[in-house]
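Heads up, the thing below is written out as structure tokens.
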Amino acid sequence: MIPGDCLAGATECAPGLARSAPLGHKSGMNETPDILCIGSVLWDVIGRSNGHMRQGSDMPGRITRLPGGVALNIAMTFARFGLKPGLLSAVGQDPEGDELMEACAQLGCDTRHLYRSEDLPTDRYMAVEGANGLIAAIADAHSLERAGSRILRPLSDGTLGSAETPYPGPVALDGNLTETLLDEIARDPCFAAADLRIAPASPGKAERLLPFLRAHRGVLYVNLEEAGILCQAPFDSAPQAAAKLVERGAARAVVTNGGEAACDASAEGLIAERPPEVLVTRVTGAGDTFMAAHIVAELRGAGRAEALSLALDAAAAYVSGDIAS
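Counted from 1, the sequence shown has number 187 at position 187 by full-length UniProt numbering; the numbering is strictly sequential.
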């Protein structure tokens, strides 16, 4: 067990992943973040219905707007676990961007290093969810893509690191960046000392992670569909997919498969475990919660098997509604 208090903002503690003190950094605006989260920081617009839905369904429900994006979802989970995450992304100087900056700060995220664009609007994500899961979603992350390498300047200009003194800490990276930029990151000396943890933003962007297979770098967090896209082959199980990703060049792969067994694969071998059975009340953000919980567990000394188990428990608590958004 990881000692500490209950998760901030949660109705219950995520099993085994309670809040504790930041990892070696004193509080204060001049201190380096505990972990960097690079990728999409935007507004999530989510419509949820308690009924089963299909194409063309018109159902009663609730529509909410929440701070979101893969990088921010991961960062918010880190903050709940007592870490101080730093964000590297693009946020517009429009009213939506100002509101998002304030919301991120209130959620415990370090926004000092965000790129604020004068001419690019703040990105958005829209999804529709039913009792039977995600029905459809559209991610408008075009501003992040157009900002490109400008969001990474703090890692090269000496603010957080440089090519000569690369940033040495953990980095959570999402696939909303372009494949060109992700390819540069995989080979960039500014990231040479970083503990890279990478996830696609969606199955449609899974192929953007191919540079990390070629570079044999980082830990890939993917679901079964995304693993199939990266390997250009269908899989029946997470262990099968994770083993194939390592065979194709991944230094390490963590593959999830909904309510079926998840798997952590590396040159050391395979570790698989089924998630707890829970009533699913939401799905958007579940993968991000899993990834963040897994990283936190390992940062606090958990072995591979324990980290996988703790991450599955945290994701189950999230989709059941036991952990607040």
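Each residue gets a CB set at the ideal place from its N, CA and C atoms; glycine is no exception.
Item	Value
C-beta contact flag for residue 208 and residue 182 at 9 Å	yes
Same chain only: Cβ atoms within 6 Å of residue 63, ignoring 5 sequence neighbours per side	47
Residue 140 and residue 90 closer than 9 Å at C-beta	no
Alpha-carbon to alpha-carbon, residue 223 and residue 171	20 Å
Nearest-angstrom beta carbon gap, residue 261 and residue 274 [assumed within contact, 8 Å]	5 Å
Between the CA atoms of residue 95 and residue 101 - distance to the nearest angstrom	10 Å
contact_flag[the region 97-117, the region 63-74] where n(CB pairs < 8 Å) is 3 or more	yes
Three-way DSSP call (helix, strand, coil) for residue 164 in this model	coil
Status (buried if at least 16 other CB within 10 Å, exposed otherwise) for residue 143	buried
Best match in 286, 232, 220 for proximity to residue 76 [C-alpha to C-alpha]	286
Three-way DSSP call (helix, strand, coil) for residue 264 in this model	strand
contact_flag[the region 120-135, the region 152-160] where n(CB pairs < 8 Å) is 3 or more	no
Beta carbon of residue 291 nearer than 9 Å to that of residue 135	no
Contact belief for residue 296 with residue 81 at Cβ below 8 Å, rounded distance in angstroms	5 Å
For residue 65, three-class secondary structure by DSSP	strand
Local conformation of residue 197 per DSSP, three classes	strand
Sequence-distant residues of the same chain with beta carbon closer than 7 Å to residue 146, five excluded per side	120
Endpoints, the alpha helix (DSSP H) within which residue 277 is located	Premise fails: residue 277 is in no alpha helix (DSSP H) and is neither H nor E.
Three-state class that DSSP yields for residue 1 in the structure shown	At residue 1 the pLDDT is 26, less than 50, meaning the model places this residue with poor confidence and gives no usable figure here.
Beta-carbon proximity check, residue 166 vs residue 189, cutoff 9 Å	yes
Nearest-angstrom Cβ-Cβ length linking residue 254 and residue 281, presumed shorter than 8 Å	About 24 Å; that fails the 8 Å criterion.
Buried versus exposed, by CB contacts within 10 Å (16 or more), residue 111	buried
Sub-9 Å separation of residue 53 and residue 176 beta-carbons	no
Cut-off 8 Å between Cβ atoms - residues of its own chain near residue 268, not counting five sequence neighbours on either side	304
Nearest to residue 163 (by Cα), restricted to the options 138, 148, 194, 299	194
Range covered by the beta strand (DSSP E) that runs through residue 102	First-last for residue 102: 95-106, but that is the alpha helix (DSSP H), not the beta strand (DSSP E).
Residue of 206, 214, 55 minimising C-alpha distance to residue 187	214
Cα-Cα separation between residue 55 and residue 128, rounded to whole angstroms	11 Å
N-terminal and C-terminal residue of the alpha helix (DSSP H) that residue 192 is part of	No alpha helix (DSSP H) contains residue 192, which DSSP labels as neither H nor E.
Beta-carbon contacts of residue 257 that lie in its chain and below 6 Å, excluding the five residues immediately before and after	224, 238
9 Å Cβ cutoff met for residue 314 and residue 289	yes
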